[in-house]
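This report concerns only the one structure given below.
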Amino acid sequence: MSRLSALLTAVQQASPTPAPVATATPLPVAVPGSSLFQSSLLLSLLIWTPVLVALVIAVLPNPRGRFDTLMKQIAFFTNIGMLFILWIAYNQFEPFLSTVQYEENVSWLSRIGAVYHLGIDGPGLVMLILSGLVGLVSVLASWGIRERVRSYFCLLLISEACVNGAVVAHDMFVLLLFWGASTVPLALLVLGWGGPHRESGAWRLAGYWGLGTVALLIATLALYSAAGANSFDMDVLFKVPVSPRIQLVAGVALIIAAATRLPLFPFQGWVRDVYSHAPIGVCVVVAGSASRLGAYVLLRVLVGAEPIGAQLLSPLLALLAAATVIYAGLVVLRMRDLRRISAYLSMVPGGVTVLGLAALSPLAIGGSVLSLFSGGLAAALIVGVCATLAERAQTGSLDVLKGLAPRMPSLTWITVFAVLGLLGLPLMASFPAYEMTFFGAVKNQPLAAFAVAGGLAIVAAALVVILHRVLFGTPNPDAPGVSDASSGEKWFLGILAGGLLWVGMFPGGPKLPGTDTPIFDPGLVNSMAAGITEIAAPYAAK
Amino acid sequence: MRSLLLVPEALVAGTAVLLLLGGQLGFLPRSWRGRLPPVVAAVVVVAFIVELWVGGTLSSLFGGGFIQDRFALFAKAAVLLALAAAIAVADWTAEDSTTVGLSMMLLAGFGVMVVASAGDFVPLWAGLELAAAAGVVLVGLRRPDIGLRLVIAGGIATALFVMGFAFVYATAGTADLLTAGQAMANATSTLPLAIPVLLLFAGLAVRAGIAPFHMASVTASLGASPLGSGIMLGLAGAAALIAAIKVAAVLTPVSDTLSLYLEAIAAVAMVGGGAAALGVRAPRARLAYLAVAQAGWVVAGLSTHYLSGLGGSVFLIGAFVLAATCGPVVLAGAEGGEAALAGMGAVRPARALGIAMVFLSLAGAPPLAGFFGEFAVAAALAQGGHFGLLALGLLGSVLSVVAVLGTLRVLYLQSPPEEGRRSVGFALPAWTLTSSAGAIAICIVMVAYGALANPILSLAYQGAEALGLR
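Protein sequence lines correspond, in order, to chains A and B. To convert, note that position 344 of the first sequence is 344 in this note's numbering; the numbers rise steadily by one, no gaps. To convert, note that position 358 of the second sequence is 358 in this note's numbering; the numbers rise steadily by one, no gaps.
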């Protein structure tokens with residue numbers, strides 16, 4: 001608890017005032033090896049590298065699938081390369097600057113006021129790291145793909161580029177472009193490589209996310225129109241005072257956009273079919289990074305730019321958060337299929353993130369940002385491990401799956417990790433995230449905080465019953481043969497679990513004993529604080 | 001430079017007449033016919049380059065009947081690009097006659113160029129008729145019954161347009177577009193003016209095949225050869241939309257009289273087109289309805305009566321004419337329905353990518369040409385406070401994108417049938433170097449339209465300014 005209290009104090013100190021923090025706070029000690037690489041195109045590299053590689057894969061000759069493995073390797077090493085770029089970005093990031101960093105600003109559609117403006121602050125960096133990890137994991141999880149390998153990895157890389165583009169966009173037009181563009185490759189991945197209900201999953205995904213895109217477009221155009229229709233650049237658009245009425249309209253549209261992505265109750269219609277029938281690699285991308293964009297946009301546009309709208313709509317957000325977690329818990333209680341259960345469980349972290357945003361206090365907003373990362377990893381892990389378990393056990397039915405632990409030791413451990421991560425237990429990254437969120441929310445949204453906590457208790461109870469039965473119960477002699485995870489599966493699940501554990505154990509980064517010098521990780525909590533100060537400034541009094 | 005202004009028109013019309021006479025009189029040897037498409041495509045590319053080179057010269061010829069301004073430059077460049085790409089990508093084994101197909105395509109393009117440069121109602125009308133007549137000829141070659149239906153629908157459209165034009169002429173006292181616009185500045189919105197304006201736009205809507213007037217042209221495009229369909233959906237539609245932009249600019253001072261019509265037509269077209277695209281499975285029919293939906297967006301931009309709205313519409317017309325003209329042509333002989341496209345991504349990758357790009361662009365999916373065009377119109381609608389129309393347009397776009405996913409699934413995710421089992425209507429388009437180059441060119445243009453959106457949009461705005469809008 002001492003680590004947690006130190007963490008809370010650090011966030012509270014960083015949050016209340018938007019004054020130049022550099023004067024009030026000593027500069028952090030630089031990580032050895034930072035400033036190795038200076039490129040003004042760092043963020044563009046993260047967007048366009050996967051697109052270019054996808055084009056290369058698309059035109060590579062591949063007679064009768066002879067080079068299928070090469071395609072997979074290219075996708076894998078592309079993701080490794082992008083993680084390396086991200087690692088540089090992470091280490092060179094100035095955690096105590098309140099402005100966006102790695103900025104790129106190129107004139108584009110000057111007639112309507114759209115610019116190719118990229119840049120990230122703390123929450124953006126957190127999302128980029130999440131997207132990088134999830135990208136690598138999705139390639140590993142897709143290693144078993146045998147059909148139309150070229151098309152599969154092209155689409156996977158393009159979807160990753162779209163997520164990165166939406167994260168780093170600092171212009172609403174660019175954000176909308178990448179947000180909308182991410183729907184097509186992901187829907188096609190579900191449609192082309194999914195299970196029996198893939199058609200239903202793909203249409204639902206396209207329909208709900210299409211609705212979300214329309215809602216985001218309406219919010220964008222409402223703000224654009226109210227701000228004088230001069231610019232989509234966030235630096236301009238978000239600084240023009242907008243009437244509370246417009247903020248309310250835009251806010252409702254933004255909530256719909258976010259609710260279709262995360263998803264939040266009652267916009268969860270796509271989760272069951274997508275997570276139950278899509279390939280594991282696609283599930284990981286959707287649950288891990290693509291769906292987190294919903295909460296990210298809420299944070300960036302509603303909470304970060306429209307404080308009056310955010311305050312007016314915070315009860316609605318809190319209600320949606322509570323309804324989502326409780327609904328997920330109740331559905332999990334009565335579900336009899338493991339993959340469907342995982343689909344509803346993946347909604348839980350999104351509910352917690354939105355609770356933090358609804359609370360509108362610096363501490364809760366900080367918790368929300370951290371839960372973007374931990375929730376993404378936890379959702380990807382729970383969806384991935386349940387899909388793997390169902391695949392290895394040849395069924396997802398709870399009536400058949402019993403007492404698997406002795407025969408699947410690795411998967412058992414990873415499943416337990418996933419459940420711990422999902423519920424926010426100590427040592428997991430979700431623990432500080434949930435704690436910060438609940439501590440921050442209990443004052444401003446006490447009812448919703450208790451309702452979400454109650455929902456988590458229902459989820460926990462359901463999971464205990466399921467885990468006990470499936471993993472540690474009496475084995476079912478009539479069940480089909482089972483096998484433990486392959487090494488590839490262990491790797492992709494291990495990376496997700498490792499990410500949760502690492503940030504849970506070292507939220508401020510590992511340091512040389514007795515010093516304040518970080519070893520190679522400046523600490524996610526330190527880095528994410530960079531933009532939160534500015535975002536939380538209007539709510540500092542809370 | 002002024003003397004070179006008519007070179008693109010002369011190249012296009014001259015080549016069309018030469019091909020028609022050559023084909024009919026037989027002085028073009030049969031062995032040459034295979035080489036004609038790349039040669040004609042090259043001629044059109046030359047015309048495109050000349051247009052870009054000399055088209056910036058502002059001038060008027062024939063006593064103001066022909067005007068070369070930024071609007072004409074933009075529209076003609078887009079049409080020439082679409083013509084070149086369509087001729088290159090066409091599968092000539094699916095056409096009834098190479099020479100007639102090529103010449104009608106060029107004549108339809110010439111018709112659109114005449115409309116784009118028209119400074120008077122008369123050449124505007126003449127260009128419209130020429131573009132539509134070329135389509136009727138190609139449709140009639142394969143399906144005389146549908147050709148006859150088109151002639152009847154065209155007659156109705158012409159009657160409506162001419163009646164409306166006559167009333168406007170009577171009100172303004174001139175057929176010159178610029179002078180008529182100035183005269184209209186002093187007119188007031190009255191019922192006697194609203195009726196002819198309704199007739200005028202109804203005639204143009206029938207010509208453009210916009211819902212609810214789409215029955216004739218959409219049906220005709222389904223029964224026609226790929227090139228005939230490309231003319232009906234793309235070139236004839238573009239001619240009518242370009243004419244509508246010019247007429248809307250003239251009537252902007254009395255915008256009250258036409259706002260309601262335009263908004264109603266746009267709403268029905270955007271939502272109806274998207275819903276119909278979702279409801280059908282045949283690729284050609286889906287493409288036709290997607291084109292209807294995007295044409296609705298063009299009309300939505302006109303209903304704003306602002307520079308930004310008309311600029312957005314002009315910008316979108318560039319994307320529309322490219323996709324709607326090249327779409328049916330790149331689809332080639334897909335009369336067998338969806339199954340004809342099964343697995344085309346594996347066996348004809350360039351053509352399949354071209355089809356995907358055209359469909360996605362017409363649906364307004366990011367990051368292709370159609371998305372940028374529709375977004376420019378959407379921004380103008382938001383600027384003008386037309387949020388209801390905007391919401392309907394967005395609904396139509398979502399329906400369109402969902403519909404396109406079905407076609408993409410067939411293209412890329414279904415296995416191609418064995419060659420021996422392919423029957424009539426399911427045959428794969430013939431592979432040629434020119435057709436592959438054409439398909440790749442379509443893809444590049446669709447993507448480059450977004451990447452180079454700034455100069456293109458600036459030109460479109462200059463075009464709208466040239467029509468007298470501020």
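The beta-carbon is built from N, C-alpha and C at its ideal position, and this holds for glycine as well. These numbers come from a predicted model, not from an experiment.
Who are the near neighbours of B:Pro226 in its chain, counting only those whose CB is closer than 6 Å to its CB and skipping five residues on each side?
Ala94, Pro328, Val329, Ala332
Between A:Val214 and chain B, is there a C-beta pair that is closer than 7 Å?
yes
As a quick exercise: from B:Ile156, B:Thr99, B:Met113, pick the residue whose alpha carbon is nearest that of B:Leu141.
B:Thr99
Return the Cβ separation of B:Leu316 and B:Gly373 in integer angstroms, given the expectation that the two are a contact with Cβ distance under 8 Å.
3 Å
Going along the region 111-122 of chain A in order, which residues come within less than 7 Å of chain B, judged by CB to CB distance?
Arg111, Ile112
Which residue comes first and which comes last in the alpha helix (DSSP H) that contains A:Glu564?
Given a span of 1 to 542 for chain A in the structure shown, any question on residue 564 of chain A remains unanswerable.
A:Tyr224 at chain B interface by Cβ criterion, 7 Å
yes
Contacts around A:Arg3, its chain only, beta-carbon distance under 7 Å, and the 5 residues preceding and following it disregarded
Interpretation of A:Arg3 is limited by its pLDDT of 44, a score under 50 that renders its predicted location unreliable; the figure taken from the coordinates is listed afterwards. Around A:Arg3: no qualifying Cβ.
Residues that DSSP places opposite A:Glu104 in a beta bridge
A:Leu118
Quick one: which unbroken alpha helix (DSSP H) runs of 4-plus residues sit fully inside the region 2-32 of chain B? Chain order, please.
7-25
Check the Cβ-Cβ distances between B:Ser458 and every residue of chain A, and say whether any is below 7 Å.
yes
Output, in sequence order along the chain, the residues in the region 301-317 of chain A whose CB is closer than 7 Å to any CB in chain B.
none
Assigned exposure category for A:Thr388 - 16 Cβ within 10 Å defines buried
buried
Should B:Thr325 and B:Gly230 be called a contact, given that it needs their Cβ atoms to be closer than 7 Å?
yes
Residues in the region 373-392 of chain B with C-beta within 9 Å of chain A's C-beta atoms, listed in sequence order?
Phe375, Ala376, Ala378, Ala379, Ala380, Leu381, Ala382, Gln383, Gly384, Gly385, Phe387, Leu390, Ala391
In angstroms, rounded to a whole number, what distance separates the CA positions of A:Thr395 and B:Gly345?
34 Å
Please name the residue, chosen from A:Ala187, A:Ala441, A:Pro446, that lies closest to A:Tyr539 on a Cα-to-Cα basis.
A:Ala441
Contact criterion: CB-CB distance below 7 Å. Does B:Ala356 meet it with respect to chain A?
no
In the structure shown, what three-state DSSP assignment does A:Ala89 receive?
helix
Residues in the same chain with beta-carbon distance under 7 Å from B:Leu130, minus the five sequence neighbours each way, listed in chain order, please.
Leu107, Phe110, Gly111, Val114
Quick one, which residues of the region 170-189 of chain A are near chain B if we go by CB-CB under 8 Å, in chain order?
Phe173, Leu176, Leu177, Phe178, Gly180, Ala181, Thr183, Val184, Ala187, Leu188
Going by CA-CA distance only, name the one from A:Leu496, A:Gly251, A:Pro362, A:Leu70 that's closest to A:Met313.
Before going further, note that residue 313 of chain A is Leu rather than Met in the sequence given. Nearest C-alpha to A:Leu313: A:Gly251.
Give a yes or no on whether 7 Å exceeds the smallest Cβ distance from B:Ser461 to chain A.
It should be noted that the sequence gives Tyr, not Ser, for residue 461 of chain B. Yes, contact with chain A.
Do the region 504-513 of chain A and the region 405-418 of chain A make contact, defined as three or more Cβ pairs closer than 8 Å?
no
So A:Gln268 is in the beta strand (DSSP E); what residue range does that whole segment cover?
Taken as a continuous stretch (DSSP letters only), A:Gln268 belongs to no beta strand (DSSP E), as it is neither H nor E.
Nearest to B:Ala244 by alpha carbon, out of B:Ala172, B:Ala170, B:Ala267, B:Phe165?
B:Phe165
Go to B:Ser60, then tell me how far its beta strand (DSSP E) extends in each direction, as first and last residue.
59-61
Please compile the residues from chain A whose C-beta is within a distance smaller than 8 Å of the C-beta of B:Pro366.
Leu176, Leu177, Phe178, Gly180, Ala181
Quick one: any contact between the region 282-296 of chain A and the region 326-338 of chain A, if contact means 3 or more CB pairs under 8 Å?
no
Mind listing, in chain order, the continuous alpha helix (DSSP H) runs of no fewer than 4 residues lying wholly within the region 255-283 of chain B?
256-279
Determine which residues share a DSSP beta bridge with B:Gln68 and list them.
B:Ser59
Alpha carbon to alpha carbon, how far is B:Pro253 from B:Asp176?
16 Å
How is A:Ala169 classed by DSSP in three states: helix, strand or coil?
strand
Supposed contact pair A:Phe520 and A:Ile129 - C-beta distance, whole angstroms, cut 8 Å:
The pair is not a contact, with the Cβ atoms about 14 Å apart (cut-off 8 Å).
Chain B residues whose Cβ lies nearer than 7 Å to that of A:Gly210:
Val398, Val401, Val402
Within 7 Å of any Cβ in chain B, is that where the Cβ of A:Trp48 sits?
no
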